[in-house]
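Quick note on our numbering: the sequence shown kicks off at 122 and runs consecutively.
Backbone N, C-alpha and C fix where the C-beta goes; we use that ideal spot for every residue, glycine too.
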Amino acid sequence: MATISTPFSIKNLQLKNRIVMAPMCQYSVEKEDGIPNEWHFVHYVSRAIGGTGLIIMEMTSVTPEGRITNGDLGLWSDDSIPAYKRIITEIHKHGAKAAIQIAHAGRKAEDAEQPVGPSDIPVEVLPEETKNGTLKPPRALETDEIQTIIKQFKDAASRAVKAGFDTIELHGAHGYLLHQFMSPAINNRQDAYGKDLALFGEEVVKAVRSVIPEDMPLIMRMSAIEYIDGGYEIDHAIKMAKRFRDAGVDMFHVSSGGEGLPGKKKPGNYPAYQVPFARAFKEALQTPVIAVGKLSTPQVAEATLANGDADLVAIARGMLNDPYWGLHAIKAITHKVTPPEQYSRGIR
């Protein structure tokens, strides 16, 4: 029996299938106010029409200074709530559920006048991987500034609830601020936030958990390993994840990194290269997991689910290529699909 088309539920989140749209930055905000526009509306709603079970909106900053670029979405103002609500309402009309990934870029904030991080260690990045070719050296955060950012995550989560999101994902991967604090290669602080690498993330999780409904699941995306010289391995990530689970995370979205990373260790360039990481998280933490990374071939996505390696599969570039990936994948696996009536003559 096919797995990809079967329902999935966790707490009050009920999905019609196991397909997730992975968060992918669009860099398309026009007024630098962080508010989604017509591009975002069409982009996300089209994937709901296309059969996706859960749509995770792109990395959305909790503060203007925490964006990767000034074209990124934000959730630092109540003014943005109506625009998100409009998108969510339309997503729901097509049977999909909506999530938002909230984050702070930390030392990877390309357009910030002064990037910040747990320490002043600069980012080692290949020039072609940034908009401007270089990144400014970060300034180490003061303790009171850390507390401010924790509150910004809390406030952003509260706005996400008001907007009507079904679940929230914290971005603790890919070298952004939550990840930076948990990385021994990046965080050399001498205070509590350096001696206990899980502390910042744990406090963010608890703060967010305090303002979202008890029955709303909280997701966290994590890098299972680091592709920087001296970076951590999966045992360290799982140790951090156990703290986050105990603080209130219900499901982990397990990633690592892609091409363009400067370390000697390189990520795989083959289908499902991150799936073993997802399975390791699932077995160690006894929580549901989302697998991601070159799963765009329907048979590979189905195998990942059928083998029990993950509970959900997140599709990134495959959905940029095909807004109707969900419908096409289910058809490829089950040989039966129910498209919107308007498309029934073309997708059968």
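| Asked | Found |
| --- | --- |
| Uninterrupted beta strand (DSSP E) stretches inside the stretch 390–452 (no shorter than 3 residues) | 410–413 and 433–436 |
| First and last residue of the uninterrupted beta strand (DSSP E) at Lys-457 | Here Lys-457 belongs to no beta strand (DSSP E), and DSSP marks it neither H nor E. |
| Met-440 classed as buried or exposed, judged by whether at least 16 other C-beta atoms fall within 10 angstroms | buried |
| As assigned by DSSP and simplified to three states, the class of Lys-272 | helix |
| Simplified DSSP assignment, three categories, for Val-329 | helix |
| Ser-126 beta carbon less than 9 Å from that of Ile-454 | yes |
| Of the listed residues Val-413, Ala-405, Ala-431 and Leu-299, nearest to Lys-363 (C-alpha basis) | Ala-405 |
| Expected contact under 8 Å - CB spacing of Gln-222 and Pro-144 to nearest Å | 4 Å |
| Unbroken beta strand (DSSP E) run spanning Arg-342, endpoints | 339–344 |
| Segments of 4+ residues assigned as alpha helix (DSSP H) that fall wholly inside the stretch 141–207 | 159–170 |
| Outcome for Lys-415 when other beta-carbon atoms lying within 10 angstroms are tallied against a minimum of 16 | buried |
| Whole-angstrom distance between Thr-418 and Ala-427, CA atom to CA atom | 14 Å |
| Leu-262 and Pro-243 closer than 9 Å at C-beta | no |
| Bridge partner(s) assigned by DSSP for Gln-222 | Met-180 and Glu-290 |
| Residue interval of the beta strand (DSSP E) (run including Met-303) | No beta strand (DSSP E) contains Met-303, which is instead part of the alpha helix (DSSP H) from 298–303. |
| Of the listed residues Val-150, His-456 and Ala-220, nearest to Thr-173 (C-alpha basis) | Ala-220 |
| Between the CA atoms of Ile-411 and Phe-373 - distance to the nearest angstrom | 6 Å |
| Cα-Cα separation between Gln-407 and Asp-154, rounded to whole angstroms | 40 Å |
| Bridge partners - Gln-135, DSSP secondary structure assignment | Ser-130 |
| CB contact flag (Pro-258, Pro-239, <9 Å) | no |
| Ser-201, buried or exposed, once every other Cβ within 10 Å from all chains shown has been counted against 16 | buried |
| Expected contact under 8 Å - CB spacing of Pro-392 and Ser-377 to nearest Å | Not confirmed; about 15 Å, so no contact. |
| Exposure label - Val-163; buried when at least 16 CB within 10 Å | exposed |
| His-295 - containing alpha helix (DSSP H), residue span | From DSSP, His-295 is part of no alpha helix (DSSP H); its letter is neither H nor E. |
| Buried/exposed call for Glu-423, threshold 16 Cβ in 10 Å | buried |
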